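My numbering applies: residue 44 is where the sequence shown begins, and numbers increase by one.
Where is the CB? At the ideal position from N, CA and C, for every residue including glycine.
No experiment lies behind these values; they were computed from the predicted model shown.
Below is one structure, written out as structure tokens, with a few remarks after it.
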Amino acid sequence: MTQVDVGTDTTSPDPLSTTICTTCACADGAVNCVNLNLTTFFEIPDWDGLKDFKPLSVNLSHNAITHISRISKLPIRELNLSSCEIQTIEDGSFIYLEDLRVLDLSNNKISTSAINKKVFAGPLGILGPMNFKTMQYLSLANNDLHSLAQDLFLFMPDLLYLDLSDNPLAFIDQVTMGAISDLKYLRELRLSNCELETLPDGLLRRQRKLRRLDISNNRFTTIPAVLKEAPSLVYLNLDRTPIQTLDSNTALGNLTKLQELSLSRLSRLQNVSAGALAGLGDLVILRMNYNPRLTNLDPDFLVWKNEDDEELWPNLRELYLNNNNLSSIDSGILDNWKELMAADFSINPFICDCKNQWVVDVLVPLLVAMSANTTINNM
44 MTQVDVGTDT
54 TSPDPLSTTI
64 CTTCACADGA
74 VNCVNLNLTT
84 FFEIPDWDGL
94 KDFKPLSVNL
104 SHNAITHISR
114 ISKLPIRELN
124 LSSCEIQTIE
134 DGSFIYLEDL
144 RVLDLSNNKI
154 STSAINKKVF
164 AGPLGILGPM
174 NFKTMQYLSL
184 ANNDLHSLAQ
194 DLFLFMPDLL
204 YLDLSDNPLA
214 FIDQVTMGAI
224 SDLKYLRELR
234 LSNCELETLP
244 DGLLRRQRKL
254 RRLDISNNRF
264 TTIPAVLKEA
274 PSLVYLNLDR
284 TPIQTLDSNT
294 ALGNLTKLQE
304 LSLSRLSRLQ
314 NVSAGALAGL
324 GDLVILRMNY
334 NPRLTNLDPD
344 FLVWKNEDDE
354 ELWPNLRELY
364 LNNNNLSSID
374 SGILDNWKEL
384 MAADFSINPF
394 ICDCKNQWVV
404 DVLVPLLVAM
414 SANTTINNM
């Protein structure tokens with residue numbers, strides 16, 4: 044057990060205050076202080092006034108609070124401090140929140156120097172802070188983080204969800220990588236819009252339980268090779284990246300459990316070659332739309348062969364190829380078009396010739412015949 048000096052609370056106990064529930068709406072175990080033009084954080088005596096109320100959820104989002112201080116011992120499970128103007132957080136602000144599961148600090152002005160392991164110190168034990176036993180969700184999205192201290196999440200080793208999107212990371216150094224890679228139980232990681240050009244080898248090596256990864260809106264020109272370290276992914280978002288071509292030599296082929304893949308709004312994507320998405324046997328949903336330069340979609344981009352040299356395709360249920368620059372759709376893209384439950388091929392400059400006749404004869408009637416309960420955008 045690591046000992047960290049986060050100070051002790053020397054505030055003298057005052058009579059229980061009703062300040063918070065006078066200011067905010069308190070009902071059904073929830074404290075709602077959203078958008079009340081608050082400029083200062085409540086103090087210990089104010090929080091003490093909630094002990095009989097026993098709040099499970101506290102929402103202070105959309106206020107003008109710049110500093111967060113310590114909260115009393117309360118059974119709070121969800122704490123929303125998003126969209127304030129937070130710049131500083133007192134060490135040990137959450138040490139009395141033993142039941143904390145969700146902490147949302149997104150959309151603030153938190154800098155790298157403003158957070159460390161003391162800020163996120165866990166519940167107090169005899170020898171000091173211990174690990175949070177129930178903490179699962181942490182969002183630091185849309186702040187001013189350029190890097191992370193390696194031991195930042197020391198007291199949150201069991202995090203399942205981490206959102207670092209919309210921070211100017213630009214480059215994940217060894218220290219930042221250490222902070223992320225230590226979270227070996229992560230199920231979902233969001234690194235969207237972090238100005239990243241590469242992802243370092245080893246970043247996901249310990250994330251054997253990682254299921255969902257959003258690395259959209261970054262500066263990757265090729266598929267990051269580090270994806271091969273995350274074979275358990277079921278969801279991957281690579282939208283809004285300047286990837287120019289997709290071929291069979293990327294790490295995507297290692298993601299054999301992938302169920303949903305989004306490759307949309309790739310402004311420079313021109314070519315998807317044979318085998319580019321080969322081996323994705325569990326793929327159910329594919330979004331490859333709004334790619335204005337995509338002109339070449341090889342008929343075999345989803346095809347691979349097994350040990351018996353038999354061709355295989357994923358059993359797609361949803362396929363979105365709309366708003367590209369495709370002149371044709373080959374009937375060989377899928378093995379069984381009737382498996383589709385939702386599809387969109389609209390807004391492409393299709394050429395009316397014999398090559399596309401199957402679209403009129405087969406595909407359009409198939410789309411029309413799809414279940415009325417499914418969202419369908421016909422050509």
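(1) Can you check which of these residues, R330, N174, D341 and L298, is closest to R360 by C-alpha distance?
(2) Which residues does DSSP list as the beta-bridge partners of I328?
(3) Helix or strand or just coil, what does DSSP make of C64?
(4) CB F198 to CB A157, shorter than 7 Å?
(5) Comparing alpha-carbon positions, which option in N106, F344, N332 and P335 lies nearest N293?
(6) I need the straight-line Cα distance from I129 to F84, nearest angstrom please.
(7) Could you tell me which uninterrupted alpha helix (DSSP H) segments, each at least 4 residues in length, are contained entirely in the segment 191-268, listed from first to last along the chain?
(8) When we look at the beta-carbon of V411 and count the other beta-carbons within 10 Å, is it buried (16 or more) or exposed?
(9) So for I87, helix, strand or coil by DSSP?
(10) Return helix, strand or coil for P56, following the three-state DSSP convention.
(11) Please name the residue or residues paired with H110 in a DSSP beta bridge.
(12) Just the Cα atoms here: how many angstroms apart are I266 and K227?
(13) Inspect the CB distances between the segment 211-223 and the segment 171-179 and report whether three or more fall short of 8 Å.
(14) For I286, which of N236, L81 and F263 has the nearest alpha-carbon?
(15) Ends of the alpha helix (DSSP H) at V409?
(16) Is the separation between the beta-carbon of A268 and that of S291 shorter than 7 Å?
(17) My output table needs one value for A319: the three-state DSSP class, helix, strand or coil.
(18) Find out if the Cβ-Cβ distance for the pair V315, L289 is shorter than 7 Å.
(19) I need the straight-line Cα distance from Y204 to A273, nearest angstrom please.
(20) Looking at D134: is its Cβ nearer than 7 Å to the Cβ of S115?
(21) Just verifying my parser: in three-state terms, what is the DSSP assignment at A415?
(22) Does the distance from the CB of S154 to the CB of A184 come in under 7 Å?
(23) Count the other CB atoms, across all protein chains shown, that sit within 10 Å of the CB of K161; report buried if there are 16 or more and exposed otherwise.
(24) Suppose contacts are defined by Cβ-Cβ distances below 7 Å. Is S190 in contact with D206 by that definition?
(25) Please go through the segment 152-182 and give each complete beta strand (DSSP E) segment of 3 or more residues, from N-terminal end onward.
(26) In terms of DSSP beta bridges, what is S100 paired with?
Result, derived from the coordinates:
(1) The count along the sequence shown starts at 1 and reaches residue 360 at position 317. The residue with the shortest Cα to Cα distance from R360 is R330.
(2) Counting from one through the sequence shown, the residue named residue 328 turns up at place 285. In DSSP, I328 forms a bridge with E303 and E361.
(3) Counting from one through the sequence shown, the residue named residue 64 turns up at place 21. It is helical.
(4) Taking the sequence shown and counting its residues from 1, the one referred to as residue 198 is at position 155. Taking the sequence shown and counting its residues from 1, the one referred to as residue 157 is at position 114. Result no, Cβ atoms of F198 and A157 do not sit closer than 7 Å.
(5) Here the question's residue 293 lines up with position 250 in the sequence shown. Reading the sequence as shown, one finds Thr at residue 293 and not Asn. Checked all of N106, F344, N332 and P335; the closest Cα to T293 is F344.
(6) Within the sequence shown, the letter at position 86 stands for residue 129. Within the sequence shown, the letter at position 41 stands for residue 84. Distance between the alpha carbons of I129 and F84 is about 10 Å.
(7) 217-224
(8) The residue given as residue 411 occupies position 368 in the sequence shown. V411 comes out exposed.
(9) As a first step, residue 87 is located in the sequence shown; it is residue number 44 there, counting from the start. Three-state result, I87: helix.
(10) For the purposes of this step, residue 56 is taken as the residue at position 13 of the sequence shown. The predicted position of P56 is uncertain, since its pLDDT is 42 and thus under 50; no value can be drawn from it.
(11) Translated into positions along the sequence shown, residue 110 becomes position 67. DSSP, once it has assigned bridges, lists T131 as partnering H110.
(12) What you label residue 266 is simply residue 223 of the sequence shown in a count that begins at 1. What you label residue 227 is simply residue 184 of the sequence shown in a count that begins at 1. Spanning the two alpha carbons is a distance of roughly 23 Å.
(13) no
(14) Taking the sequence shown and counting its residues from 1, the one referred to as residue 286 is at position 243. The candidate whose alpha carbon is nearest that of I286 is F263.
(15) For the purposes of this step, residue 409 is taken as residue 366 along the sequence shown, with counting starting at 1. Before going on, a small fix: residue 409 reads as Leu here, not Val. Start and end: V407 to A412.
(16) Within the sequence shown, numbered from 1, the residue matching residue 268 stands at position 225. Within the sequence shown, numbered from 1, the residue matching residue 291 stands at position 248. For A268 and S291, no; Cβs fall outside 7 Å.
(17) The sequence position of residue 319 within the sequence shown is 276, counting from 1. A319 falls in the coil class under three-state DSSP.
(18) Walking along the sequence shown from the start, residue 315 turns up at place 272. Walking along the sequence shown from the start, residue 289 turns up at place 246. The answer is yes: Cβ separation under 7 Å.
(19) For this step, residue 204 is matched to residue 161 along the sequence shown. For this step, residue 273 is matched to residue 230 along the sequence shown. Their backbone Cα atoms lie some 15 Å apart in a straight line.
(20) For the purposes of this step, residue 134 is identified with residue 91 of the sequence shown, where counting begins at 1. For the purposes of this step, residue 115 is identified with residue 72 of the sequence shown, where counting begins at 1. No, the Cβ-Cβ distance between D134 and S115 is not below 7 Å.
(21) Start at 1 with the first residue of the sequence shown, and residue 415 comes out as number 372. Here A415 scores only 48 on pLDDT, less than 50, and its place in the model is too uncertain to base an answer on.
(22) On the sequence shown, position 111 is the one that residue 154 refers to. On the sequence shown, position 141 is the one that residue 184 refers to. It is not a contact, given that the beta carbons lie outside the stated cut-off.
(23) On the sequence shown, position 118 is the one that residue 161 refers to. The residue in question, K161, is buried, as its Cβ has 16 or more Cβ neighbours within 10 Å.
(24) Position 147 of the sequence shown, counting from 1, holds the residue named residue 190. Position 163 of the sequence shown, counting from 1, holds the residue named residue 206. No.
(25) 180-182
(26) The residue given as residue 100 occupies position 57 in the sequence shown. Answer by DSSP bridge pairing, in chain order: A73 and E121.
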